[in-house]
Each structure stands twice: as C-alpha cells, then as structure tokens.
Ligand SMILES: [Zn+2]
C-alpha cells in the first residue's frame with residue numbers, strides 16, 4: 529500500500545500495490561476529481577483532464 533496526495537484537494541489517497549500501474553486512472557474519494565498515476569515510485573497522482 530502506498531499513499532499519495534490528491535493534487536486537487538490535498539487528501540491522502542491510499543493505493544494498493546497491485547493497483548499501482550503507471551497512467552492508471554482513478555477518482556479521488558474526497559473530491560471526486562479524475563486522477564491518474566503519473567509516477568509509480570514514489571507514487572504521485574496527477575489530474576486527469578484529457579477526454
Ligand atoms: Zn481530491
């Protein structure tokens with residue numbers, strides 16, 4: 529399990545190791561922002577705003 533901050537609201541988001549895949553998309557559980565994994569180690573999340 530790794531933790532990264534939501535770039536939109538700053539909430540800590542925990543991600544299971546098996547879900548840490550570069551460019552995998554997810555949503556922030558707090559603000560519902562669309563995010564993607566932009567770095568796997570250390571884990572970093574970026575805002576996903578491409579359609
Ligand atoms: Zn958020």
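Residue numbers (our numbering): 529 to 579.
C-beta atoms are modelled at their ideal positions from N, C-alpha and C, and glycine is treated no differently.
As the structure is a computational prediction, the values presented were derived from the model and not from experiment.
Under three-state DSSP, which class holds residue i?
i: residue 564; result: strand
i: residue 577; result: coil
Is residue i near residue j, with beta carbons less than 8 Å apart?
i: residue 564; j: residue 555; result: no
i: residue 545; j: residue 532; result: no
For ligand 3, I want to know if residue i counts as a neighbour, meaning its beta carbon is within less than 7 Å of at least one of the ligand's heavy atoms.
i: residue 532; result: Of the ligands one can find in the structure shown, namely ligand 1, none is ligand 3.
Suppose the cutoff is 6 Å on Cβ atoms and the five residues either side in sequence are ignored; what does the same chain contact list for residue i look like?
i: residue 566; result: 572, 574
Who are the near neighbours of residue i in its chain, counting only those whose CB is closer than 7 Å to its CB and skipping five residues on each side?
i: residue 536; result: 556, 559, 561, 575
i: residue 549; result: 565
Suppose the cutoff is 8 Å on Cβ atoms and the five residues either side in sequence are ignored; what does the same chain contact list for residue i look like?
i: residue 539; result: 533, 556, 557, 558, 559
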